[in-house]
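A short worksheet on the structure shown next.
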Amino acid sequence: MLNKVKYPIGKFEFYDTRDIDKKIVSKNLKILDQFHAKLKSELNKIPTNYLSKPYRDGGWSIYKLIHHLADSHMHAYIRCKYAYISDKIRIMDYVPDEWANTEDCSFENINYSLIIIKGIHKRWVSFFSKLKNEDFKKQYFYKERDKFYSIYNVLGLYAWHCNHHLKHIENFRKNIKN
0 MLNKVKYPIG
10 KFEFYDTRDI
20 DKKIVSKNLK
30 ILDQFHAKLK
40 SELNKIPTNY
50 LSKPYRDGGW
60 SIYKLIHHLA
70 DSHMHAYIRC
80 KYAYISDKIR
90 IMDYVPDEWA
100 NTEDCSFENI
110 NYSLIIIKGI
120 HKRWVSFFSK
130 LKNEDFKKQY
140 FYKERDKFYS
150 IYNVLGLYAW
160 HCNHHLKHIE
170 NFRKNIKN
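Residue numbers for the sequence shown follow numbering that gives the first Met the number 0, so the first one is 0 and each next one is one higher.
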């Protein structure tokens, strides 16, 4: 059974890449484009002293979650560029928990990570917007998961990732006892 606390919007379902649906591309581009503003809006509703608290049992603090979003989306952006330039390239893994425990992620100031997210998303939307249908079918190989990821699915996965963590933050905010 799916853990609704861990996966409040469900798990991502991969797309069939034989036919690239421009409506899905547009919907996902809109999510990426609006993410920074929605994230900041949600964070502004949370008292600062709560940002160091876990967003769910067994989860990271809100500030570590923001650093995770910056790290994760940087990696995904670079992977998409690699796939575009060198179809079927093998990419290097990163372990989110290890990255979340580096010294820069223990820093409670999330402003730099928010700047990274804003910049990466602007670049990403620009990148995706210029792709042709055939470009969305290009892939990278994720060795640790023994799986190919198309640019089309990465766009969908990270639009989902935005909404997934926005929902975590929203649920956390709604459960704050004033």
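Built from N, CA and C at the ideal position, the CB exists for glycine as well.
Hey, quick one: how far does the alpha helix (DSSP H) through residue i stretch, first residue to last?
{"i": "Lys166", "result": "Ile150 to Lys173"}
{"i": "Lys135", "result": "Checking the sequence, you will find Phe at residue 135 rather than Lys. Per DSSP, Phe135 belongs to the alpha helix (DSSP H) from Asn132 to Phe135."}
{"i": "Ile109", "result": "Per DSSP, Ile109 belongs to no alpha helix (DSSP H) and is neither H nor E."}
{"i": "Phe34", "result": "Lys21 to Asn43"}
{"i": "Tyr76", "result": "Ile61 to Ile84"}
{"i": "Asp96", "result": "Pro95 to Ala99"}
Between the alpha carbons of residue i and residue j, how many angstroms are there, rounded?
{"i": "Lys63", "j": "Asp18", "result": "37 angstroms"}
{"i": "Ala36", "j": "Glu102", "result": "27 angstroms"}
{"i": "His164", "j": "Ser85", "result": "30 angstroms"}
{"i": "Tyr54", "j": "Ile168", "result": "6 angstroms"}
{"i": "Tyr81", "j": "His74", "result": "11 angstroms"}
{"i": "Ile119", "j": "Tyr148", "result": "19 angstroms"}
{"i": "Arg89", "j": "Ile77", "result": "12 angstroms"}
{"i": "Ala99", "j": "Gly58", "result": "11 angstroms"}
{"i": "Ser60", "j": "Val124", "result": "28 angstroms"}
{"i": "Lys146", "j": "Ser40", "result": "35 angstroms"}
{"i": "Arg172", "j": "Ile45", "result": "6 angstroms"}
{"i": "Lys121", "j": "His72", "result": "12 angstroms"}
{"i": "Tyr6", "j": "Trp159", "result": "11 angstroms"}
{"i": "Asp96", "j": "Lys129", "result": "33 angstroms"}
{"i": "Lys87", "j": "His67", "result": "26 angstroms"}
{"i": "Asp20", "j": "Gln138", "result": "17 angstroms"}
{"i": "Asn170", "j": "Glu107", "result": "21 angstroms"}
{"i": "Cys56", "j": "Ile114", "result": "Reading off the sequence, residue 56 comes out as Asp, not Cys. Roughly 28 angstroms between the two C-alpha positions."}
{"i": "Tyr83", "j": "Lys3", "result": "35 angstroms"}
Below 8 angstroms on the Cβ atoms is my contact criterion, and I expect residue i with residue j to pass it. Report the Cβ-Cβ distance as a whole number of Å.
{"i": "Asn151", "j": "Lys131", "result": "Note that residue 151 is Tyr in the sequence shown, not Asn. Rounded, the Cβ-Cβ distance is 12 angstroms, inconsistent with contact."}
{"i": "Phe34", "j": "Cys161", "result": "4 angstroms"}
{"i": "Glu143", "j": "Asp92", "result": "4 angstroms"}
{"i": "Ile175", "j": "Ile109", "result": "Not a contact, Cβ separation roughly 17 angstroms."}
{"i": "Phe140", "j": "Cys79", "result": "Wrong, their Cβ atoms sit about 14 angstroms apart, outside the cutoff."}
{"i": "Lys166", "j": "Ile23", "result": "At roughly 20 angstroms, the Cβ-Cβ gap does not stay under 8 angstroms, so Lys166 and Ile23 are not in contact."}
{"i": "Ile116", "j": "Leu42", "result": "The Cβ separation is near 11 angstroms, so there is no contact."}
{"i": "Phe11", "j": "Leu154", "result": "Rounded, the Cβ-Cβ distance is 11 angstroms, inconsistent with contact."}
{"i": "Ser112", "j": "Ala69", "result": "4 angstroms"}
Could you give the residue range of the beta strand (DSSP E) that holds residue i?
{"i": "Arg89", "result": "Ile88 to Ile90"}
{"i": "Tyr139", "result": "Gln138 to Tyr141"}
Using only the heavy atoms of the ligand MG, determine whether one of them is closer than 7 angstroms to the beta carbon of residue i.
{"i": "Ile61", "result": "The ligand MG is not among the ligands present in this structure, which contains no ligands whatsoever."}
Counting Cβ pairs, one atom from each stretch, are 3 or more of them under 8 angstroms apart for the segment 22-36 and the segment 44-62?
no
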